[in-house]
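To keep things clear, I will list the structure first and then write my remarks on it.
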């Protein structure tokens, strides 16, 4: 298969605004959902002479660290979970004559980097100078395979520029706890590093390792092999050194201007319980060997590139008229695909697999900001991400019980294995809305895909157990002489307020969660004992219906505004427009209690209710909410601006919508939050896609039928994307006043453009519809 490469899908170093090395380590990462590798200095390894933050991250491979509290109360998490930073597979040791990169400081200058997103191949050139001024070019090519999730490939080419000398390359990894040499005062960056043990597995014919954790009791097998070289490239020998450590080496006489190539394929195993990893290491290793035996770097790269081609075929979003946003959006989608767990045991870490920021934890970001992209474009992968929540449902039920509730499931705010890992409960555990967020995502997946087997066997149980949580945590009360269902002492999405009463977003999501439980309880009556399996009685359903009907949603009738929570209007304004820009984000410069006493938002909160539930809101309501909350929002969270782009678009504020979107979509590639060096902002990547599809294309995701209400930015001539709806795939091409709908797969599909119905089927697969923006 011939794959044509296009500059429109390439991240070229010369076109990046920042050339800061740690930023580049993040941007030029490669990953595949199972593993991620930062783009480090290939000579660094664990050498303290080099500044950098290299590392291999395996999704779900973590260790525990004790959490230290000044005062520890019942229910506080005992341990913090931190994704492990393993040995850097990019590392190579190079000797030139009597100089050794492991003991002598070689100066490594970046010449060029280019990430081809159509193939997943990273191509780089470094200029390396030894202390005695010998210089050579080092070309490095690498990829993480999408066709074989356990495979990572790397190829080195050495080109001397000013010497004819003996050169020796040594590929040996004799450490596992990857050190970093940087300082970071940002509390969002995990400073904790798990401690792992590395054991060499002998007599395998290639370097093989058992890596185990101390406290989480996990183990993985890792092995790599050199592809056999033929002349003119020198022979590569497998060897054991004096410390019984295994590796590869090749020694040859290098002439200036000549190029010698060395390539290696890594097989990085799945996660096993430590006991199993030790007991069955040989069996696991044998299976891993099958991934890299009798193959080559080129063969595996081609196989992986074909998977990337399929991804872009179904998931690309084309923008005509805005090339910078186009490239940034493609980068975001590329990174999303690199970050998503595909084994039902993992999800998407907040920093993807590009760093240990936020400890490698999974948040609500997955369900609300990232999952919609996968539901509409890769539903099989979306199902696997939701299955992670099902497989950890028993942990959520256990946490609810330990919390003191007699029923229900209480999902962790931040986690890797399902257990709560947030030691700051005010802005962590108290964000109970995550339970409704997950239920919302389950229903969205079911509505769009029609996956009956998933919903009946797994999804509905999540909805019921999370609805039971709300029934336990909330209560009936009298407000202004009227009986209401209230949910007190919660933290909403806005983390500049905490432990409030009746957060609008939380209550609305809880109401929806409970209504879903009721709705499908009626639908499942008499269906294969679904309700009896969940012990869901008529009386419980009736009580849920009452709670949903009487849910209290704070509202100011005079201002026609939804109120973030009870008492919010009593707080003084912070006047954020008068604060020096050096003080943002506020969370790094203000005590949390100071922020809590002001009417200031870190990110979209009540506005999120308008975004997730657009139907039923008048234009006047959307505008009133937008005008009330936007001036008091700092957007200190990377999740915020894409949401405000959607809100502004729906409120008819086209200029603000475009401005917010362009900032959101460029978050990482332009380093707008000045912390991309710590890892990508995975939630923001998905939110930018939502900005296009929910905002400018106007997809309405909770209507009775699928509909579009386009509002394209003035600078855009056209956008084009595909969505999967039930058993069909539809191509949408949206111009400033026309929508073209083309059926790509399936029998028939019916959609609405504003109020106009457009139907396509196999006999009439393409239709167009003119529209006027409202």
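Numbering (the numbering used here), first residue to last: 2 to 775.
Built from N, CA and C at the ideal position, the CB exists for glycine as well.
Computed from a predicted model, the values in this text were never measured in an experiment.
Buried versus exposed call for residue i [16 or more other C-beta atoms within 10 Å across all chains shown]
i	result
residue 595	exposed
residue 416	buried
residue 332	buried
residue 249	buried
residue 656	exposed
residue 697	buried
residue 340	buried
residue 258	exposed
residue 20	exposed
residue 686	buried
residue 553	buried
residue 69	exposed
residue 352	buried
residue 254	exposed
residue 712	buried
residue 41	buried
residue 626	buried
residue 90	buried
residue 403	exposed
Residue i - partner residues in DSSP beta bridges
i	result
residue 226	266
residue 1	Any answer about residue 1 is impossible in this case: the structure gives the chain only from 2 up to 775.
residue 241	247
residue 563	556
residue 70	Partner(s): none; residue 70 has no beta bridge.
residue 634	602
residue 124	115, 142
residue 572	Looking at the DSSP assignment, residue 572 forms no beta bridge with any residue, so it has no partner.
residue 166	255
residue 96	101, 169
residue 11	117
residue 721	319, 734
residue 478	485
residue 758	753
residue 583	Beta-bridge pairing links residue 583 to no other residue.
residue 508	Paired residues: none, contrary to the question.
Of the listed residues the options, nearest to residue i (C-alpha basis)
i	options	result
residue 649	676, 612, 673, 671	612
residue 79	672, 234, 216	216
residue 427	414, 270, 439, 419	414
residue 126	236, 13, 222	13
residue 116	52, 10, 95	10
residue 680	8, 68, 55, 572	55
residue 221	196, 269, 131, 673	269
residue 370	682, 730, 463	682
residue 343	739, 665, 701, 151	151
residue 157	175, 137, 163	137
residue 287	664, 205, 653, 692	205
residue 477	549, 754, 203, 510	549
residue 736	725, 717, 743, 693	717
residue 731	317, 210, 772	317
residue 81	229, 421, 242	421
residue 295	227, 273, 349, 323	227
residue 299	277, 229, 689	229
residue 74	424, 50, 591, 51	424
residue 773	709, 458, 750	709
residue 17	602, 493, 162, 667	667
Inset, instruction - Give a yes or no on contact between the stretch 140-150 and the stretch 108-124, applying the rule of three or more CB pairs nearer than 8 Å. - result: yes
Legend entry - Three-pair Cβ contact test at 8 Å for the stretch 570-590 versus the stretch 464-481: no
Inset, instruction - Could you tell me whether the stretch 377-391 touches the stretch 442-455, where touching means 3 or more Cβ pairs closer than 8 Å? - result: yes
Inset, instruction - Could you pull out every unbroken beta strand (DSSP E) segment of at least 3 residues lying fully inside the stretch 278-352, listed in chain order? - result: 318-321
Inset, instruction - Spell out a yes or no on whether the stretch 301-313 and the stretch 229-247 are touching, meaning 3 or more CB-CB pairs, one atom from each, closer than 8 Å. - result: no
Inset, instruction - For the stretch 214-228 and the stretch 49-66, state whether three or more C-beta atom pairs, one from each stretch, are separated by less than 8 Å. - result: yes
Legend entry - Complete runs of the alpha helix (DSSP H) confined to the stretch 394-448 [at least 4 residues]: 394-404
Inset, instruction - Would you check if the stretch 716-731 and the stretch 627-642 touch, i.e. whether three or more CB-CB distances between them fall below 8 Å? - result: no
Inset, instruction - Please determine if the stretch 463-479 and the stretch 523-531 are in contact, where contact requires at least 3 C-beta pairs separated by less than 8 Å. - result: no
Inset, instruction - Indicate whether the contact test is met: 3 or more Cβ pairs, each with one atom in the stretch 515-527 and one in the stretch 612-628, closer than 8 Å. - result: no
Inset, instruction - Say whether the stretch 506-521 touches the stretch 531-547, bearing in mind that this needs 3 or more beta-carbon pairs closer than 8 Å, one atom from each stretch. - result: yes
Inset, instruction - Please determine if the stretch 499-510 and the stretch 484-491 are in contact, where contact requires at least 3 C-beta pairs separated by less than 8 Å. - result: yes
Inset, instruction - Check whether the stretch 100-116 touches the stretch 20-33, counting contact only when three or more Cβ pairs, one atom from each stretch, lie closer than 8 Å. - result: yes
Legend entry - Inter-stretch contact (C-beta, 8 Å, three-pair minimum) for the stretch 393-402 and the stretch 354-361: no
Inset, instruction - Report the residue ranges of all alpha helix (DSSP H) runs contained in full by the stretch 673-703; include only those spanning at least 4 residues, in chain order. - result: 683-691
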